[in-house]
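Visitor: This structure is in C-alpha cells; I'll ask about it shortly.
Protein chains in written order, with the working numbering: chain A, 175 to 294; chain B, 3 to 843.
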C-alpha cells in the first residue's frame with residue numbers, strides 16, 4: 175500500500191464518523207448557545223428585525239452545513255489509486271454515504287430553527 | 003511479513019496439536035476454575051449469570067403484576083413496591099441486558115473474527131467478577147429490605163439524603179458503578195479485539211456484520227457510561243459529604259442529574275438494541291439462505307444510529323421546562339433516529355424476500371422481533387413528538403413503549419440467538435419440541451401484558467403507583483396485563499427447561515448444523531479453549547461458503563500458528579483496515595489475579611457503602627497494587643525480532659510491535675476518561691447558567707504562582723514522558739529512566755500545586771460552585787498522582803529488563819497519560835480563572 179493510498183484510506187475511515195461528528199458538534203453548539211443565550215436574554219437583542227440569538231443559531235448551523243459540504247467534497251476527491259483495494263472502495267463508499275446521511279440529519283435539525291419561539 | 007531468520011516449525015499431527023494446544027490454553031477443573039481467563043469460560047459465565055439475574059428481574063416483574071392485578075391490592079405496600087419496580091428496572095438494564103450482550107460478544111467475537119481469544123483475557127475475567135460482586139451487592143440489599151427504591155433512574159431530590167435517608171440509594175449508586183467497571187472494560191476490550199485480532203486478510207469490508215455492530219456498540223459504551231459513572235459519584239458525594247451538586251437551595255440543580263443520567267440512559271437503549279440487531283443480521287441471512295442485502299448501507303445505518311442516539315436524551319425530559327426550541331432540537335434527533343433503524347429493517351425484510359426462508363425456531367423469534375420491535379419503534383416516533391409526549395408523560399403508555407422496544411429489540415433476538423448458537427455451545431443437534439410452544443407462550447403473553455398498557459396509559463394510569471382506585475376504569479385491563487405477564491413467565495420457564503434439556507440430553511451433532519458461512523462455525527463444537535488449532539486466512543465475507551471444509555483444514559494445522567511455541571498462548575494481530583498480519587500477540591495464562599483485584603475493588607465499594615472512610619483508601623490502594631501485579635507476566639526481557647507464524651511467514655511479537663493492542667487500549671481509556679471529565683465541566687457550566695442561587699456567596703480565586711507551578715509541573719511531565727518514549731531515549735537505560743524520573747518530578751510539582759489549591763477552595767458543602775471546583779481539582783490532582791505511579795512503573799520495568807529500543811511498549815503506552823494530564827491542567831485552570839471573571843462581569 176503506497177503512502178498516498180494509506181492517507182486515502184485514513185480519510186475514508188474519518189469519513190465514516192466525520193460527518194456525524196460535525197452533526198454532533200453542531201447539535202451541541204446549538205443547544206449550548208441557546209441555553210446561554212436564553213439565560214442572558216440574548217433573544218431580546220434585535221438585529222435587522224430578527225433576534226440576535228436566532229441569527230447566531232442560524233450562523234452556527236450554516237457554518238456546520240458548509241463544513242459538511244467541504245468534507246463530502248474532500249472525500250469525493252480521494253485519489254483513484256486508493257480505490258484499488260476492496261477495503262478502500264468499501265470505506266470510501268461508506269464514508270460518502272455516512273457524510274450524506276449526516277448532511278440530511280443536519281438539514282432536518284436546521285428546520286427547527288425557524289419553527290418555534292426561542293426561549294419560551 | 004516474512005523473514006528468513008524465523009524458522010517455521012512443521013505442524014504436528016492434528017491429535018498431537020490438539021493435545022499441545024489444550025495443555026497450554028485449557029483451564030484445569032475444580033478450584034482452578036477460579037483462575038479462568040479464557041473467553042469461552044468467561045463468556046459463558048456472563049451469559050449464565052445474566053440469565054440468573056433475568057430470572058430474578060422476572061420474579062420482581064411478577065410481583066409488580068400481582069400487585070397491580072386488582073385495585074386496592076394489599077399484596078405489597080408502597081415501600082416494598084418502590085423497591086420492586088426500582089430493582090426490576092435496575093436488574094434488567096444493568097445486570098441482564100448489558101452483561102448478556104457482553105457475554106455473547108466475549109464468547110463469539112474471537113470465533114467470528116478467527117482469533118483464539120479476546121485481546122485482554124484477564125480484563126474480561128476482572129470485568130466478570132466486578133459484575134458478579136456488584137450484582138450480588140444489589141440483590142443482597144433486596145433480601146435485606148434496603149434495596150434502592152427511587153426508580154432505576156434515581157432522580158434527585160427523591161434519591162437525595164433528605165428523602166432517602168437510608169442506604170437504599172447508596173446501594174444503587176455504588177453497586178451500579180461497580181458493575182459498570184465491567185461495561186467499560188468490556189467496551190475497550192471489544193473495540194481492540196475487533197480492530198486488532200482478526201484473521202489475516204479480514205479487511206474491514208470483509209468483517210462480519212455482527213462485529214460491526216459490536217464495534218459501534220462498544221464505542222457507544224465508551225462515551226455513554228462515563229456521564230453515568232460521574233453522575234453517580236457526584237450524587238454519592240452529595241449524599242455522603244453534603245456537596246450540593248443537585249440541591250437547588252445551595253446552587254445545585256436536580257436537572258443536572260437528569261442530564262447526566264439520560265446522557266447515558268438514552269444511548270443505553272441503542273447499546274442494548276444494536277448487539278441484538280447484530281445477531282439478527284447474522285442469523286437471518288443464514289435462515290433465509292442468501293447473503294444479506296445492503297452490507298454497506300447497514301454499516302452506515304449503524305454508525306448513523308449511534309451518533310443520533312446521543313442527541314435524544316432530552317426527550318426523557320420534555321416536561322421539565324426546557325425552552326421550546328431546545329425541545330425541537332431533541333425532537334428532531336428523536337424522529338431522525340427512526341431512519342437508520344428502518345434501513346436495517348428494510349434490509350432484513352429484503353433479504354427474507356429475496357431468499358428462501360426456513361421457518362425454524364430461531365426464525366420464529368426473529369418474526370416475533372419484527373412485529374414487536376416495529377410497534378415499539380412507531381410508538382417511539384409518537385413519543386418523539388413534543389405535544390404527544392406531554393400528554394402521555396409518566397403514564398403506562400411509556401411503560402408499554404419501552405417494553406416493546408427493549409423486549410422486542412433485545413429479548414426476542416437473544417432468544418433467537420440462544421436457539422441458533424446452542425448447538426455451538428453444546429455440540430448437540432437442535433430440537434424444536436418445546437421451542438415452538440415456548441415461543442407462542444412468550445409472544446402472546448408479552449402482547450397481552452403490554453399491548454393493553456397503551457390503553458391504560460392513554461386512560462391516564464400513571465407509572466410507579468402501587469395501587470389505583472376501583473372506579474378508575476383500569477381494573478380489567480390491569481387484570482389482563484397481569485394474566486399475560488404470568489403467561490410470559492411460564493414461557494420463559496419453559497425456555498429455561500428447553501435449554502437445559504437440549505444441553506443435557508440432546509443428540510451429538512455435526513458442526514455447523516445451519517450451513518452458516520461465518521467463521522464461528524469453523525470451530526469444533528463445543529469449541530476447544532483455543533478455538534482454532536490453526537488460524538484461518540480470509541478472502542471473503544463468507545469464508546465457510548467459499549471453503550466448506552475450512553474447519554477441518556484448520557484443525558489439521560494448515561493455517562497460521564498451527565503449533566505451540568515455548569508453551570505460549572499466541573494469536574495473530576492485524577492492521578486495522580487491511581487485515582494484514584503485523585504482530586504475534588501473546589496472551590496470559592489462567593491466574594487468580596483478576597479475582598483478587600475484583601475482591602479488592604469490591605472492598606473499596608463496600609467500605610464506601612458502610613461509610614468506612616478510613617478503610618476505603620486502603621482498599622483502593624490494594625486494588626491498584628493488585629492490578630499492577632498483572633504486569634509481572636507480560637512483556638519480554640530480550641529482543642526476538644520477527645518470529646515464525648507458519649506458511650513461511652514471520653511477524654514481530656507484540657512487545658516489539660508499534661501497533662500493540664495495549665497502545666490502542668490506552669487511547670480508548672483516555673477517551674472515556676475525557677468524557678467523564680467533560681461531563682464534570684458540563685456540570686459546572688450547567689449549574690452556572692441554569693441553577694438557582696447563583697452567583698455563589700464566595701468565589702474561588704486561585705493564586706497565580708500556584709497555578710503556574712501546576713502548569714510547569716504538568717508541562718515538564720508531559721515533555722519528559724514523550725521524550726522517554728523516543729527511539730533515542732529508549733536505546734539507553736540511563737536516559738529513558740532519567741526522563742521518567744523527570745516525569746515523576748513534574749507530576750510531583752503539579753500534585754503539590756493541586757493540593758495547595760484544594761486547601762484554598764471555599765467549603766464545598768456550602769454551594770454547588772465550590773463543590774464543582776473541588777471536584778475538578780480532585781479529578782486533575784488524581785491524574786497527576788497516577789502520572790507519578792505510571793512513571794515509576796516505567797522505571798521499574800526498564801530496570802527489570804523489559805524495555806529496549808525495540809521493546810518500547812511499556813514506556814510508549816503510558817506516555818499519552820502525561821500529555822492528557824497536561825490537557826486537563828489547562829482546561830481546569832482556564833475554568834478556575836475564567837469563571838470568576840465571567841461571573842463578575
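Cβ coordinates follow ideal geometry from the N, Cα and C atoms, glycine included.
Compare the C-beta of residue 235 (chain A) against all C-beta atoms of chain B and say whether one is closer than 8 Å.
Guide: As a working note, residue 235 (chain A) is residue 61 in the first chain. Chain B contact via Cβ: absent.
Visitor: Scan the stretch 585-671 of chain B and note each continuous alpha helix (DSSP H) run of 4 residues or more that stays entirely inside, going in chain order.
Guide: Counting only runs of 4 or more, we get 595-611, 617-631.
Visitor: Once the 5 residues before and after residue 90 (chain B) are set aside, which same chain residues still bring their CB inside 7 Å of it?
Guide: As a working mapping, residue 90 (chain B) is identified with position 88 in the second chain. So the qualifying residues of the chain are 59, 62, 63, 66.
Visitor: Tell me which residues share the same chain as residue 178 (chain B) and place their Cβ nearer than 6 Å to its Cβ, disregarding the 5 neighbours each side in the sequence.
Guide: In the second chain, counting from the first residue as 1, residue 178 (chain B) sits at position 176. Contacts found: 96.
Visitor: How would you write the range of the beta strand (DSSP E) that residue 576 (chain B) sits in, first residue to last?
Guide: Stepping through the second chain from its first residue, residue 576 (chain B) is reached at position 574. Unbroken beta strand (DSSP E) run through residue 576 (chain B): 571-576.
Visitor: Just to confirm before moving on: does the CB-CB distance between residue 406 (chain B) and residue 73 (chain B) stay below 8 Å?
Guide: Here residue 406 (chain B) refers to the residue found at position 404 when the second chain is read from its first residue. Here residue 73 (chain B) refers to the residue found at position 71 when the second chain is read from its first residue. The answer is no: Cβ separation not under 8 Å.
Visitor: Can you list, in chain order, the residues of the stretch 205-231 of chain B whose Cβ is nearer than 8 Å to any Cβ on chain D?
Guide: The structure shown has no chain D; the protein chains it does contain are A and B.
Visitor: Could you please give me the residues that DSSP links to residue 510 (chain B) through a beta bridge?
Guide: Mapped onto the second chain, residue 510 (chain B) falls at position 508. For residue 510 (chain B), which the question treats as bridged, DSSP gives the partners B:430.
Visitor: Ordered along the chain, which non-local residues of its own chain (more than five positions away) have a Cβ less than 7 Å from that of residue 132 (chain B)?
Guide: Position 130 of the second chain, counted from the start, is the residue given in the question as residue 132 (chain B). Only 180, 181, 183, 184, 600, 603 meet the Cβ criterion.
Visitor: If you run the structure through DSSP and keep just helix, strand and coil, what is residue 764 (chain B)?
Guide: For the purposes of this step, residue 764 (chain B) is taken as residue 762 along the second chain, with counting starting at 1. Reduced to three states, the DSSP call for residue 764 (chain B) is coil.
Visitor: Just the Cα atoms here: how many angstroms apart are residue 251 (chain B) and residue 282 (chain A)?
Guide: The residue you call residue 251 (chain B) lines up with position 249 of the second chain. The residue you call residue 282 (chain A) lines up with position 108 of the first chain. Computed Cα separation, rounded: 39 Å.
Visitor: Could you tell me which chain A residues have their CB closer than 7 Å to the CB of residue 310 (chain B), listed as they occur along the chain?
Guide: As a first step, residue 310 (chain B) must be located in the second chain, where it is residue number 308. The contacting residues are 279.
Visitor: What residues from chain B crowd round residue 292 (chain A), counting only those whose CB sits closer than 7 Å?
Guide: Position 118 of the first chain holds residue 292 (chain A). What residue 292 (chain A) touches in chain B: 325, 327.
Visitor: Less than 8 Å between the CB atoms is what I'm expecting for residue 312 (chain A) and residue 193 (chain A), so what's the real figure, rounded?
Guide: Here chain A has residues from 175 to 294 only, and residue 312 (chain A) is not among them.
Visitor: For residue 177 (chain A), which residues from the same chain have a beta carbon less than 6 Å from its beta carbon, with the 5 sequence-adjacent residues on both sides left out?
Guide: Locating residue 177 (chain A) in the first chain gives position 3, counting from the first residue. The pLDDT assigned to residue 177 (chain A) is 41, lower than 50, so where the model puts this residue is not dependable; a value taken from the coordinates is nonetheless given after this. Result list for residue 177 (chain A): empty, nothing under 6 Å.
Visitor: Please name the residues in the stretch 199-211 of chain A whose beta-carbon is closer than 7 Å to at least one beta-carbon of chain B, in chain order.
Guide: Residues 201, 204, 205, 208, 209, 210.
Visitor: Exposed or buried, residue 220 (chain A), counting other C-beta atoms within 10 Å across all chains shown (16 or more means buried)?
Guide: Working through the first chain from its first residue, we reach residue 220 (chain A) at position 46. The residue in question, residue 220 (chain A), is exposed, as its Cβ has fewer than 16 Cβ neighbours within 10 Å.
Visitor: With residue 2 (chain B) and residue 213 (chain B) assumed to form a contact (beta carbons below 8 Å), what rounded beta-carbon distance in angstroms separates them?
Guide: Look at the range of chain B in this structure, 3 to 843, and you will see that residue 2 (chain B) is not part of it.
Visitor: So with CB distances below 8 Å, who are the chain B contacts of residue 188 (chain A)?
Guide: Counted from its first residue, the first chain places residue 188 (chain A) at position 14. None at all; the shortest Cβ gap to chain B is about 12 Å.
Visitor: Among the residues of its own chain, which have a CB less than 6 Å from the CB of residue 264 (chain B), if the five just before and after it don't count?
Guide: Residue 264 (chain B) sits at position 262 when you count from the first residue of the second chain. Answer for residue 264 (chain B): 315, 318, listed in chain order.
Visitor: With 9 Å as the C-beta to C-beta threshold (strictly closer), list the residues of the stretch 290-306 of chain B near chain A in chain order.
Guide: Residues 297, 298, 299, 301, 302, 303, 305, 306.
Visitor: Inspect the beta-carbon positions of residue 848 (chain B) and residue 684 (chain B) and report whether they are closer than 8 Å.
Guide: No statement about residue 848 (chain B) is possible, as the shown extent of chain B runs from 3 to 843 and does not include it.
Visitor: Quick check: residue 232 (chain B) and residue 681 (chain B), are their CB atoms within less than 8 Å of each other?
Guide: Numbered from 1 along the second chain, position 230 holds the residue referred to as residue 232 (chain B). Numbered from 1 along the second chain, position 679 holds the residue referred to as residue 681 (chain B). Result yes, Cβ atoms of residue 232 (chain B) and residue 681 (chain B) sit closer than 8 Å.
Visitor: Select from the stretch 262-276 of chain A all residues with a C-beta closer than 7 Å to any C-beta belonging to chain B, and list them in chain order.
Guide: Answer in chain order: 264, 265, 267, 268, 271, 272, 275.
Visitor: Shortest alpha-carbon distance to residue 562 (chain B) belongs to which of B:774, B:782, B:808, B:574?
Guide: Taking the first residue of the second chain as position 1, residue 562 (chain B) is located at position 560. Selected option, being the one with the closest Cα: B:574.
Visitor: Cα separation between residue 283 (chain B) and residue 294 (chain B)?
Guide: Here residue 283 (chain B) is taken as the residue at index 281 of the second chain, counted from 1. Here residue 294 (chain B) is taken as the residue at index 292 of the second chain, counted from 1. Between residue 283 (chain B) and residue 294 (chain B), the C-alpha separation is close to 7 Å.
Visitor: Applying the 10 Å Cβ sphere with the 16-neighbour rule, what's the burial state of residue 7 (chain B)?
Guide: On the second chain, position 5 is the one that residue 7 (chain B) refers to. The pLDDT assigned to residue 7 (chain B) is 47, lower than 50, so where the model puts this residue is not dependable, and the model offers no usable value.
Visitor: Alpha carbon to alpha carbon, how far is residue 745 (chain B) from residue 825 (chain B)? Give it in angstroms, no decimals.
Guide: If you number the second chain from 1, residue 825 (chain B) lands on position 823. If you number the second chain from 1, residue 745 (chain B) lands on position 743. Each residue's alpha carbon lies about 15 Å from the other.
Visitor: State yes or no: is the C-beta of residue 521 (chain B) within less than 8 Å of the C-beta of residue 208 (chain B)?
Guide: Here residue 521 (chain B) refers to the residue found at position 519 when the second chain is read from its first residue. Here residue 208 (chain B) refers to the residue found at position 206 when the second chain is read from its first residue. Against a cut-off of 8 Å, the Cβ pair of residue 208 (chain B) and residue 521 (chain B) comes out as no contact.
Visitor: Starting from residue 158 (chain B), follow its DSSP beta bridges and name the residues at the other end.
Guide: Against the second chain, residue 158 (chain B) aligns to sequence position 156. The partner list for residue 158 (chain B) (beta bridge, DSSP) is empty, contrary to what the question assumes.
Visitor: Kindly indicate which residue of B:331, B:297, B:308, B:390 has the alpha-carbon position closest to the one of residue 350 (chain B).
Guide: What you label residue 350 (chain B) is simply residue 348 of the second chain in a count that begins at 1. Looking at the Cα atoms, B:297 is the closest of the given residues.
Visitor: Quick one: is residue 181 (chain A) buried, meaning 16 or more other Cβ sit within 10 Å of its Cβ, or exposed?
Guide: Position 7 of the first chain holds residue 181 (chain A). Here residue 181 (chain A) scores only 48 on pLDDT, less than 50, and its place in the model is too uncertain to base an answer on.
Visitor: Pick out whichever of B:261, B:756, B:583 has its Cα sitting closest to the Cα of residue 155 (chain B).
Guide: Residue 155 (chain B) sits at position 153 when you count from the first residue of the second chain. The option with the nearest alpha carbon to residue 155 (chain B) is B:261.
Visitor: According to DSSP, what are the bridge partners of residue 583 (chain B)?
Guide: By one-based count along the second chain, residue 583 (chain B) stands at place 581. According to DSSP, residue 583 (chain B) bridges with B:576.
Visitor: Just the C-alpha distance for residue 303 (chain B) and residue 279 (chain A), rounded to the nearest angstrom, thanks.
Guide: As a working note, residue 303 (chain B) is residue 301 in the second chain. As a working note, residue 279 (chain A) is residue 105 in the first chain. When rounded, the distance between both Cα atoms is 12 Å.
Visitor: Between residue 224 (chain A) and chain B, is there a C-beta pair that is closer than 8 Å?
Guide: Here residue 224 (chain A) refers to the residue found at position 50 when the first chain is read from its first residue. Judged by the 8 Å Cβ criterion, residue 224 (chain A) is not in contact with chain B.
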